[in-house]
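Asks:
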Amino acid sequence: MEGKNNIYNDNKFNIRNMMNKGILSSFFSALVAVFLGLIIGFFVMLIALPANALIGFRHIIVGGLNRIGDVFYYATPILMTGLSVGFANKMGLFNIGASGQYTMGMYFALYVAFMWDLPDSIHWIVACLAGFVGGMIWGAIPGIFKAFLNVNEVITSIMFNYIGMYLVDMLIQGNSAMYVSDKTRTQYIPAEVQMPSLGIPNSNVNLGIILAILIGILLYIVLQKTIFGYELKATGFNRFASEYAGMKGKRNIIITMAIAGGLSGLGGAFGILAPSGIAGSSMTYEPINIIAPAGFNGIAVALLGNSHPIGIIFSAIFISYIQRGGTLASLAGYKPEIIDIVIAVIIYFSAFANIMNTAILGFIVRHFGKGRKSGNTLANDDIKEAE
Amino acid sequence: METVYYLIQNTLPVAIPLLLVALGGMFSETSGVVNIALEGIMLFGAYFGALFVYFVQDSGLDPQTILVLGMLIAAVAGLIYSLLLSFAAVNMKANQVITGTSLNMLIPAIILLFSKMYFDSDGVTTSINFYIQKIPVLGDIPVLGRMFFQKTYITVIIGFILLAIATLIFYKTKFGLRLRACGEHPHAADSVGINVYKMRYAGVSISGILGGIGGFFYSVGVMDGNVNGHTGVAGFGFLALAVMIFGQWRPGKILFASLFFAFLRTLAYSVSLIPFLYNLGINQTYYRMLPYVATMVVLAFTSKKSRAPKAAGIPYDKSLR
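Line order of the protein sequences matches chains A and B.
For the first sequence, numbering that gives the first Met the number 0 gives the first residue as 0, with consecutive numbering after it.
For the second sequence, numbering that gives the first Met the number 0 gives the first residue as 0, with consecutive numbering after it.
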């Protein structure tokens with residue numbers, strides 16, 4: 000890679016070099032995916048209720064601004080699941096099981112919160128750690144299946160989404176200390192086990208978002224600066240070559256999936272231990288046999304952030320931002336699901352990143368990079384290198 | 000014996016959607032495109048089929064005619080939806096798993112949005128009764144007649160006909176052979192003049208048709224005419240993928256595998272009717288988990304010597320030939 004770059008390095012203003020680092024190009028393709036997602040969302044709104052489409056769309060675009068605290072509040076769980084999916088993605092594993100791991104982590108955290116008697120100062124910390132462990136177990140299982148039995152991790156994690164959901168719903172319904180049967184949901188978590196609030200007026204934003212961002216930065220360091228991170232990415236590029244170079248592929252698969260699961264589990268803990276709007280209350284869980292949407296939103300977050308921990312931090316905040324706008328769109332007669340449509344379309348188009356990068360790069364080279372061979376063939380080469 | 004009859008009568012309507020969707024997955028994967036979107040395709044087909052039934056149910060048409068027409072609508076809907084996957088996977092060379100996931104997420108959101116806005120519910124529920132007490136003549140055959148032709152749905156018979164057609168196409172036509180070539184070694188197929196892009200479009204489209212029909216049959220035979228965005232098709236699309244892997248991408252084995260899974264699911268939902276299991280006093284949720292756990296066990300044993308099409312999941316790039 001280095002050698003080839005030198006050919007172009009004579010030019011000072013070197014877009015291509017920036018592209019090679021993959022940062023600019025993935026940012027552009029994310030931008031295009033978001034743009035297309037919003038446009039198609041607008042068309043869906045036009046079809047659903049033409050008269051209010053513009054008002055509704057305005058809510059989606061700027062509605063989140065009025066609720067910045069909530070944006071960060073709801074960004075926390077999907078930031079964690081996003082990091083989880085992105086981390087596994089770096090190794091070429093698709094962790095579609097973030098939902099199950101999230102649910103498991105949530106249950107473990109709830110269990111510690113209700114059943115263990117601990118000093119107030121460390122209770123929520125232990126509950127979070129328990130969530131990490133719960134998610135880790137649920138993530139490690141598909142890893143083990145993949146490493147030793149060659150079962151595709153996509154199918155395994157989907158199955159474990161369902162198994163985890165049924166299991167957690169059953170365990171919660173069977174536990175009278177947690178479950179209030181006439182409200183069909185869990186009790187409020189005692190105030191001392193809740194995540195410490197950041198004390199911003201009119202919002203419940205809590206320590207969770209700070210921790211999640213710190214974890215994102217930590218993951219970035221692990222991926223960039225440690226041997227483990229290097230092995231992980233190498234395995235993601237070419238599993239056989241990395242095994243030939245002496246890296247322990249099977250061990251790395253299991254560790255990666257366990258960490259990814261743990262991150263999702265931590266997301267579940269952050270989500271359920273958060274204080275909620277009414278004083279003294281907290282988030283509750285309703286066991287109604289539905290797979291946690293946080294996991295699937297995490298996939299969107301990770302793809303939009305190009306699986307890069309820092310990118311994921313921003314994409315989680317963005318997704319949460321338009322979700323807040325989506326809830327406001329109900330004022331104009333729409334339903335919050337409009338945002339799920341936008342998110343799905345964004346994922347659909349981010350899968351095109353390859354082709355879009357090539358097109359955008361070709362466009363930029365043609366218009367700004369004068370004096371070089373222009374056209375798609377060059378651009379194609381560069382993309383391959385950037386990958 | 001009553002229990003045996005009951006279980007068989009209830010297993011078949013559950014097995015048929017699994018069978019059809021798994022066959023769809025087989026066509027898609029043997030052409031070289033991994034179809035995670037089956038879940039979404041099923042739901043899309045089911046929703047439009049159910050919408051059609053909803054609008055004509057009071058027109059006085061014969062229920063079985065409505066069912067067949069609904070099936071055709073569902074097939075077309077599934078085909079159209081699957082084009083989104085073909086376009087991404089074939090033309091745009093996108094990651095097929097990611098595209099599939101996005102298609103799975105898209106359709107429940109669309110159903111919820113429109114149903115909440117226009118029906119004030121999570122989906123659509125039809126009130127027509129497709130249930131057949133007894134099929135004339137065939138239903139009178141001793142033992143077998145009672146097992147297969149009483150208290151059933153016409154979907155079961157259609158399902159087996161489609162299985163036969165699919166098997167014929169898969170093994171006995173030029174098209175089937177070419178399709179399989181594109182999933183094993185697309186470059187070799189291309190070199191002898193087969194248009195890999197077209198074949199992949201065909202494979203995914205067939206999976207769209209079968210997926211749409213399977214989804215509609217699921218809503219008829221399993222959900223009693225209800226289609227909603229919350230539960231969707233309850234992971235049947237994913238189970239069908241597992242059935243396909245368990246069936247090693249071969250129609251005959253897929254039939255066996257889908258019967259196996261459907262039987263487990265029927266057992267799980269009829270525990271209270273079977274005194275022996277009920278008296279064991281095991282929490283019923285364990286039985287609900289059974290099909291998914293069984294999937295894992297089965298995959299653990301079959302994946303080592305997997306006969307997956309070699310090029311499945313890899314976008315075909317002519318220039319790499």
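Idealized CB from N, CA, C, for every residue including glycine.
1) List, in order along the chain, the chain A residues whose C-beta lies closer than 7 Å to that of residue 109 of chain B?
2) Name the DSSP beta bridge partners of residue 133 of chain B, please?
3) Do you know whose CA, among B/50, B/89, B/102 and B/45, lies nearest residue 199 of chain B's CA?
4) Indicate whether at least one CB of chain A lies closer than 8 Å to the CB of residue 227 of chain B.
5) Would you say residue 93 of chain A lies against chain B (beta-carbon separation less than 8 Å)?
6) When the cut-off is 8 Å and only beta carbons count, does residue 309 of chain B lie next to chain A?
7) Got a sec: is the Cβ-Cβ distance from residue 278 of chain B to anything in chain A below 8 Å?
8) Counting only beta-carbon separations shorter than 8 Å, does residue 229 of chain A have a partner in chain B?
9) Specify, as a first and last residue, the run of the beta strand (DSSP E) that residue 123 of chain B falls within.
10) Determine the closest residue to residue 208 of chain B out of B/74, B/125 and B/38, with distance taken between C-alpha atoms.
11) Is residue 299 of chain B close to chain A? Criterion is C-beta to C-beta, closer than 8 Å.
12) Alpha carbon to alpha carbon, how far is residue 206 of chain B from residue 128 of chain A? Give it in angstroms, no decimals.
13) Could you check if residue 339 of chain A is buried or exposed, using at least 16 other CB atoms within 10 Å of its CB as the buried criterion?
14) What is the DSSP secondary structure of residue 366 of chain A, counted as helix, strand or coil?
15) Using CA coordinates, which residue listed in A/266, A/132, A/285 and A/197 is at the minimum distance from residue 172 of chain A?
16) Nearest by alpha-carbon distance to residue 191 of chain B: which of B/201, B/176 and B/303 is it?
17) How is residue 251 of chain A classed by DSSP in three states: helix, strand or coil?
18) Report the three-state DSSP secondary structure of residue 75 of chain B (helix, strand or coil).
19) For residue 170 of chain B, which residues in the same chain have their Cβ closer than 6 Å to its Cβ, ignoring the five residues on either side in sequence?
20) State the start and end residues of the unbroken beta strand (DSSP E) segment that holds residue 282 of chain B.
21) May I ask you to report which of helix, strand or coil DSSP gives residue 64 of chain B?
22) Which residues in the same chain have their Cβ closer than 6 Å to the Cβ of residue 63 of chain A, if we skip the five residues on either side of it in sequence?
23) Going by C-alpha distance, which of B/270, B/178, B/108 and B/183 is nearest residue 5 of chain B?
24) Could you name the residues of the same chain whose beta carbon sits closer than 7 Å to that of residue 261 of chain B, not counting the 5 residues immediately before and after it, in chain order?
25) Quick check on this structure: which residue in A/215, A/160, A/159 and A/283 has the alpha carbon closest to the alpha carbon of residue 182 of chain A?
26) With distances taken Cα to Cα, identify the nearest neighbour of residue 29 of chain A among A/167, A/348 and A/95.
27) So with Cβ pairs under 8 Å, would you call residue 96 of chain B a contact of chain A?
28) So what's residue 184 of chain A in DSSP terms, helix, strand or just coil?
29) Taking 8 Å as the cut-off, decide whether the C-beta atoms of residue 80 of chain A and residue 350 of chain A are in contact.
30) Which ranges does the beta strand (DSSP E) cover as unbroken runs of at least 3 residues, wholly within the segment 232-264 of chain B, from first to last along the chain?
31) How would you list, in chain order, the residues of chain A whose beta-carbon sits under 7 Å from the beta-carbon of residue 321 of chain B?
32) Measuring straight from C-alpha to C-alpha, what distance separates residue 46 of chain B and residue 76 of chain B?
33) Tell me whether residue 178 of chain A sits in a helix, a strand or coil according to DSSP, three-state version.
34) So with CB distances below 7 Å, who are the chain A contacts of residue 113 of chain B?
35) Who are the near neighbours of residue 124 of chain B in its chain, counting only those whose CB is closer than 7 Å to its CB and skipping five residues on each side?
Replies: So, from the listed chains and residues:
1) Locating residue 109 of chain B in the second sequence gives position 110, where the first residue counts as 1. Per Cβ cutoff of 7 Å: 340.
2) Here the question's residue 133 of chain B lines up with position 134 in the second sequence. In the DSSP output, where bridge partners are listed per residue, residue 133 of chain B has B/149.
3) Taking the second sequence and counting its residues from 1, one reaches residue 199 of chain B at position 200. Per the Cα distances, B/89.
4) Residue mapping note: residue 227 of chain B aligns to position 228 of the second sequence, counting from 1. Taking Cβ atoms only, chain A never reaches closer than 8 Å to residue 227 of chain B, which makes this a no.
5) Counted from its first residue, the first sequence places residue 93 of chain A at position 94. True, the Cβ-Cβ gap to chain B drops below 8 Å.
6) Sequence index remark: in the second sequence, residue 309 of chain B carries index 310 (1-based). So no, residue 309 of chain B is outside the interface.
7) Numbered from 1 along the second sequence, position 279 holds the residue referred to as residue 278 of chain B. No, no contact with chain A.
8) Counting from one through the first sequence, the residue named residue 229 of chain A turns up at place 230. Taking Cβ atoms only, chain B never reaches closer than 8 Å to residue 229 of chain A, which makes this a no.
9) On the second sequence, residue 123 of chain B is found 124 positions in, with the first residue counted as 1. Start and end: 122-124.
10) Here residue 208 of chain B corresponds to residue number 209 of the second sequence, with the count starting at 1. It is B/74 whose Cα lies nearest to the Cα of residue 208 of chain B.
11) Position 300 of the second sequence holds residue 299 of chain B. Yes, its Cβ sits closer than 8 Å to a Cβ of chain A.
12) Stepping through the first sequence from its first residue, residue 128 of chain A is reached at position 129. Stepping through the second sequence from its first residue, residue 206 of chain B is reached at position 207. C-alpha separation (whole angstroms): 44 Å.
13) Counted from its first residue, the first sequence places residue 339 of chain A at position 340. Label assigned to residue 339 of chain A: buried.
14) Sequence index remark: in the first sequence, residue 366 of chain A carries index 367 (1-based). It is helical.
15) Numbered from 1 along the first sequence, position 173 holds the residue referred to as residue 172 of chain A. Considering only alpha carbons, the answer is A/285.
16) To locate residue 191 of chain B, count along the second sequence from 1; it is residue 192. If we check each option's Cα against that of residue 191 of chain B, B/176 comes out closest.
17) Translated into the one-based positions of the first sequence, residue 251 of chain A becomes position 252. The answer is helix: DSSP assigns residue 251 of chain A an H, G or I state.
18) Along the second sequence, read from residue 1 onward, the residue named residue 75 of chain B stands at position 76. The answer is helix: DSSP assigns residue 75 of chain B an H, G or I state.
19) Counting from one through the second sequence, the residue named residue 170 of chain B turns up at place 171. Nothing meets the Cβ criterion.
20) Start at 1 with the first residue of the second sequence, and residue 282 of chain B comes out as number 283. Note, residue 282 of chain B: premise wrong, no beta strand (DSSP E); not H, not E.
21) Taking the first residue of the second sequence as 1, we reach residue 64 of chain B at position 65. Of the three classes helix, strand and coil, the one that applies to residue 64 of chain B here is helix, per DSSP.
22) Looking up residue 63 of chain A in the first sequence gives position 64. Closer than 6 Å at the Cβ level, and outside the excluded window around residue 63 of chain A, lie 70, 320, 323 and 324.
23) Here the question's residue 5 of chain B lines up with position 6 in the second sequence. Cα-wise, what sits closest to residue 5 of chain B is B/270.
24) Residue mapping note: residue 261 of chain B aligns to position 262 of the second sequence, counting from 1. Excluding residues within five positions, the ones whose Cβ falls inside 7 Å are 10, 13, 14 and 17.
25) By one-based count along the first sequence, residue 182 of chain A stands at place 183. Checked all of A/215, A/160, A/159 and A/283; the closest Cα to residue 182 of chain A is A/283.
26) In the first sequence, the residue the question calls residue 29 of chain A occupies position 30. Here the closest residue by C-alpha is A/348.
27) Position 97 of the second sequence holds residue 96 of chain B. Closer than 8 Å to some Cβ of chain A, the Cβ of residue 96 of chain B qualifies, so yes.
28) Within the first sequence, numbered from 1, the residue matching residue 184 of chain A stands at position 185. Note: residue 184 of chain A maps to strand in three-state DSSP.
29) The residue given as residue 80 of chain A occupies position 81 in the first sequence. The residue given as residue 350 of chain A occupies position 351 in the first sequence. No; because the gap between Cβ atoms is not below 8 Å, this pair is not in contact.
30) For the segment 232-264 of chain B, not a single whole beta strand (DSSP E) run of length 3 or above is found.
31) Past the edges of chain B, shown from 0 to 320, lies residue 321 of chain B, and the structure says nothing about it.
32) Walking along the second sequence from the start, residue 46 of chain B turns up at place 47. Walking along the second sequence from the start, residue 76 of chain B turns up at place 77. About 9 Å.
33) For this step, residue 178 of chain A is matched to residue 179 along the first sequence. Looking at residue 178 of chain A - three-state DSSP - the assignment turns out to be strand.
34) Along the second sequence, one-based indexing puts residue 113 of chain B at 114. Ordered by position in chain A, the residues that pass the 7 Å Cβ test against residue 113 of chain B are 47.
35) For the purposes of this step, residue 124 of chain B is taken as the residue at position 125 of the second sequence. Around residue 124 of chain B: 224 and 225.
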